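With UniProt numbering, the residue at position 264 of the sequence shown is 264, and numbering never jumps.
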Amino acid sequence: MKKFFNKDFWQLPEFMYDRHLRVLAWMLAFVAVICVILAFRTNIILGYISMVFTLIVTVVAYITLKQITEDTTEYISDLSYRIKRGEQDALIKMPIGILFYDKEGHIEWINPYMQRYFDNQEVLGKPLKEVDHQLYEQLEAKQDNKDKDIEVKLHGRAFSLMVQKDIDALYLMDVTHYAEIRQEYEDTRLVIGQIFLDNYDEVTSAMNDKDISNLGNFVTNALSDWAREFGIYLKRVDEDHFFILTYAKTLKVLEEEKFKILDEVRKWTSKQNSPVTLSVGIAYGGSDLTQLAKLSQNNLDLALGRGGDQVVVKAVDGQARFYGGKTNPMEKRTRVRARMISQALTELMNQADQIFVMGHRHPDMDSLGACLGVRRIAAMNGKQCWIVLDQEDLHSDIERLLEELEQYPNIKGSIITPEMALEKATKDSLLIMADHSKPSMSIARPLYDKLKNRVMVIDHHRRGEEFPDNPILVYIEPYASSTCELITELFEYQSKDSEPINKLEATAMLTGIIIDTQSFALRTGTRTFDAASYLRSVGADLVMARHFMKESVNSYMQRNHLVERTEFTEGDAICCGEEDRVYDPVIAAQVADSLLNVSGVEASFVITKRASGKIGVSARSNGTKNVQVIMEEMGGGGHLSNAATQIADTTVGAVKEQLLAILKQEQENKE
1 MKKFFNKDFW QLPEFMYDRH LRVLAWMLAF VAVICVILAF RTNIILGYIS
51 MVFTLIVTVV AYITLKQITE DTTEYISDLS YRIKRGEQDA LIKMPIGILF
101 YDKEGHIEWI NPYMQRYFDN QEVLGKPLKE VDHQLYEQLE AKQDNKDKDI
151 EVKLHGRAFS LMVQKDIDAL YLMDVTHYAE IRQEYEDTRL VIGQIFLDNY
201 DEVTSAMNDK DISNLGNFVT NALSDWAREF GIYLKRVDED HFFILTYAKT
251 LKVLEEEKFK ILDEVRKWTS KQNSPVTLSV GIAYGGSDLT QLAKLSQNNL
301 DLALGRGGDQ VVVKAVDGQA RFYGGKTNPM EKRTRVRARM ISQALTELMN
351 QADQIFVMGH RHPDMDSLGA CLGVRRIAAM NGKQCWIVLD QEDLHSDIER
401 LLEELEQYPN IKGSIITPEM ALEKATKDSL LIMADHSKPS MSIARPLYDK
451 LKNRVMVIDH HRRGEEFPDN PILVYIEPYA SSTCELITEL FEYQSKDSEP
501 INKLEATAML TGIIIDTQSF ALRTGTRTFD AASYLRSVGA DLVMARHFMK
551 ESVNSYMQRN HLVERTEFTE GDAICCGEED RVYDPVIAAQ VADSLLNVSG
601 VEASFVITKR ASGKIGVSAR SNGTKNVQVI MEEMGGGGHL SNAATQIADT
651 TVGAVKEQLL AILKQEQENK E
């Protein structure tokens, strides 16, 4: 009786608290009552039967639903317990390091798996920075990569680092096994290379069979020993050509030692009075062997175009890296090559409807003199040639040359602006890039873009990584003194019946040679004097040449001002202009040249601000130091003894510090 009056006895069963079940129960009850009433109205016996049946069904349904509810509740309770227990066990036993830290970076809790990386020392409450500085640095670096996990190296193992910033927790998953597999894959990727013996034919042409055999045996043995030492497959393709196959892991080692095989071969052959050097092109980073082979050949061509005695390493989608190039390129071009280029140029001109020739921005006498020479060759072949020149901000020597051109209306009328050239150019036009091979240095870049499939390059600078994509003819001779020298040689193989080169053109080209060689003191070979002699024979005037080279009062004062600001340190002369003063780049180059005349100076560097806002560096060397490599590290290029660069968004002082750091590193490497 007491149980009957207990309030819990009269509570609704648990399943009735579900709104959907409650509605269903009331609907079924309503239907049952209606059915019982209808049964009594039809027949009283049938009514009693229906009522009893309804009660039985109601009791059974009640018991069943109650049991289902109890079973469900028990299942959910058990599942919740197991999940919670699993979470607790995971924190303690799961092979993932877990660490909680506070806002100040103190360790609040770590799981046992994480504890073993701290050598079981007591770390709770201590700053993470003191406990494990390496992990702390990785955590700080992770703040900049919030949206992705990063792989870190800790205590000789690889981990995937995840940070949950909202609860100040970090997780470390050991992925050493997968990192090792990936590293093994990267280390065993194929590398294809080609080795070429520079000037082998020239050196051996005057040797007897015994000396040729000795030279070949030395080079082959040296390369074979080198290949055996590093596990490289080496195959001789021709007398002066080798093929190599190796792995990326080996390539890293070769780069670390900076391909010392170049020095070994150069030193031995020089001692034997048969100076042979190596040019190497290496390609990696791709799975297509055909593509790698083609890229290795391109890299070899790049090494040869830069003068040889160097290695060019380049990934399929990466930037080229250069090693070697420590010696001045040897004169190894022949009259045969000059004749072939001259004939090929004639054919190209005859196939074109018109020719455009342009030098680099801020043209010098070598650049414009070369353009005048190309225009004359075109005239000899009855073709119209336009000289593309931006006549703003020209140096005094170019202005004097243009004044003299007033007496030659045909030549003067052939000089047009970049905008006019762009309008005149057609798909059948020929573009000649003189005294440069980098499209970014051209006077008219839009003109190059329009005629990029109809481009010829004539240059004496070492070829850089930036180069026309598909030139139809390339004449790059880095051992020539100037571009004017190269073009002068082409005149000898042109028709003798056409109008010859005139006095002004010859003088302009001779002036270009004189300036680039510093009056025949640097980068001068026998062919240089031959070219100068030819130009004198056709009317070049030295008095007019000296007139072109005269300085204005302003440039003379500016040059002396820069010389006064020069600092001399351990064989180097470093001159820095004022931060807010703009200097003429030609004057900066003249100062760099003049500083080489100072006793004890092996290399000179002049750092000045240019009109474009960039900081320019003009570098010169007497041949002892390779300024080309130094300028390449600063984003520029050039020759071993004559190089330059321009750097944007910086200051003269910052460039000076960068240069000093590179020079210091060069000195340490020598030691």
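Beta carbons: idealized from backbone N, C-alpha and C, even for Gly. Note that the structure is predicted; figures quoted are calculated from it, not measured.
Ends of the beta strand (DSSP E) at residue i?
i, result
"Asp593", "That residue, Asp593, is in no beta strand (DSSP E); its alpha helix (DSSP H) goes 585–595."
"Asp238", "233–238"
"Met420", "Looking at the DSSP string, Met420 is not in any beta strand (DSSP E); the run it does join, the alpha helix (DSSP H), is 418–424."
"Leu486", "No beta strand (DSSP E) holds Leu486; the alpha helix (DSSP H) holding it covers 483–491."
"Gly97", "96–101"
"Gly373", "Looking at the DSSP string, Gly373 is not in any beta strand (DSSP E); the run it does join, the alpha helix (DSSP H), is 365–380."
"Phe118", "Per DSSP, Phe118 belongs to no beta strand (DSSP E) and is neither H nor E."
"Arg157", "157–164"
Have a look at the options and flag the residue whose alpha-carbon is nearest the alpha-carbon of residue i.
i, options, result
"Asp240", "Leu234, Ile195, Asn221, Asn273", "Ile195"
"Glu419", "Asp390, Gly413, Gln407, His436", "Asp390"
"Val586", "Ser274, Gly324, His395", "His395"
"His639", "Leu504, Tyr479, Val606, Gly231", "Tyr479"
"Ser367", "Ala643, Trp26, Ala508", "Ala508"
"Gln590", "Thr417, Leu535, Val152, Val563", "Val563"
"Ser641", "Ala648, Met631, Leu430, Asp649", "Met631"
"Met349", "Gly525, Gln494, Asp263, Asn273", "Gln494"
"Asn470", "Met456, Arg463, Ile476, Gly464", "Met456"
"Leu295", "Ile282, Leu304, Ala303", "Ile282"
"Asn221", "Ser537, Trp268, Glu180, Val152", "Trp268"
"Ile261", "Gly286, Asn597, Gln310", "Gln310"
"Leu596", "Ser533, Ala521, Leu535, Cys576", "Ala521"
"Val357", "Gly525, Met433, Gly636", "Met433"
"Asn111", "Lys625, Leu172, His133, Thr72", "Leu172"
"Lys383", "Ala293, Val280, Glu499", "Glu499"
Per DSSP, residue i is paired with what?
i, result
"Val601", "Looking at the DSSP assignment, Val601 forms no beta bridge with any residue, so it has no partner."
"Asp187", "None, per the DSSP bridge assignment."
"Gln646", "Gly616"
"residue 746", "This structure does not reach residue 746, given that the chain is present from 1 up to 671, and the question cannot be answered."
"Lys294", "Its beta-bridge partners do not exist; DSSP assigns none."
"Trp109", "Phe100"
"Val311", "Val280, Tyr323"
According to the neighbour-count rule (16 or more other Cβ atoms, all chains shown, within 10 Å of its Cβ), is residue i buried or exposed?
i, result
"Tyr323", "buried"
"residue 674", "In the structure as shown, the chain begins at 1 and stops at 671. Residue 674 is therefore absent and cannot be evaluated."
"Trp109", "exposed"
"Trp26", "exposed"
"Met207", "exposed"
"Gln351", "exposed"
"Phe30", "exposed"
"Met557", "exposed"
"Asn199", "buried"
"Phe4", "Because Phe4 carries a pLDDT of 41, less than 50, the predicted location of this residue cannot be relied on, and no value is offered for it."
Give me the Cα-Cα distance between residue i and residue j, rounded to the nearest whole angstrom.
i, j, result
"Val175", "Gly308", "45 Å"
"Phe548", "Ile244", "52 Å"
"Leu659", "Val627", "11 Å"
"Asp8", "Leu38", "With a pLDDT of only 49 at Asp8, under 50, the local geometry of the prediction cannot be trusted, and no value is derived from it."
"Phe100", "Ala158", "20 Å"
"Gly571", "Ala661", "15 Å"
"Thr69", "Val33", "26 Å"
"Ala648", "Ile615", "6 Å"
"Asn410", "Met380", "14 Å"
"Ala169", "Gly318", "38 Å"
"Lys427", "Glu579", "46 Å"
"Thr58", "Tyr48", "15 Å"
"Lys249", "Glu186", "8 Å"
"Val52", "Thr64", "18 Å"
"Thr517", "Arg610", "24 Å"
"Asp263", "Thr246", "21 Å"
"residue 740", "Thr651", "The requested residue 740 does not occur in the structure, where the chain is confined to residues 1 to 671."
"Glu140", "Ile150", "12 Å"
"Asn43", "Thr54", "16 Å"
"Gly286", "Lys314", "11 Å"
"Glu489", "Ala338", "7 Å"
"Met365", "Arg620", "18 Å"
"Leu486", "His460", "8 Å"
Since residue i is in the alpha helix (DSSP H), which residue starts that stretch and which ends it?
i, result
"Ile630", "627–633"
"Leu431", "Here Leu431 belongs to no alpha helix (DSSP H); instead the beta strand (DSSP E) covers 430–434."
"Gly216", "209–230"
"Leu504", "503–516"
"Phe520", "It is not in any alpha helix (DSSP H) - Phe520 carries neither H nor E in the DSSP assignment."
"Ala248", "248–256"
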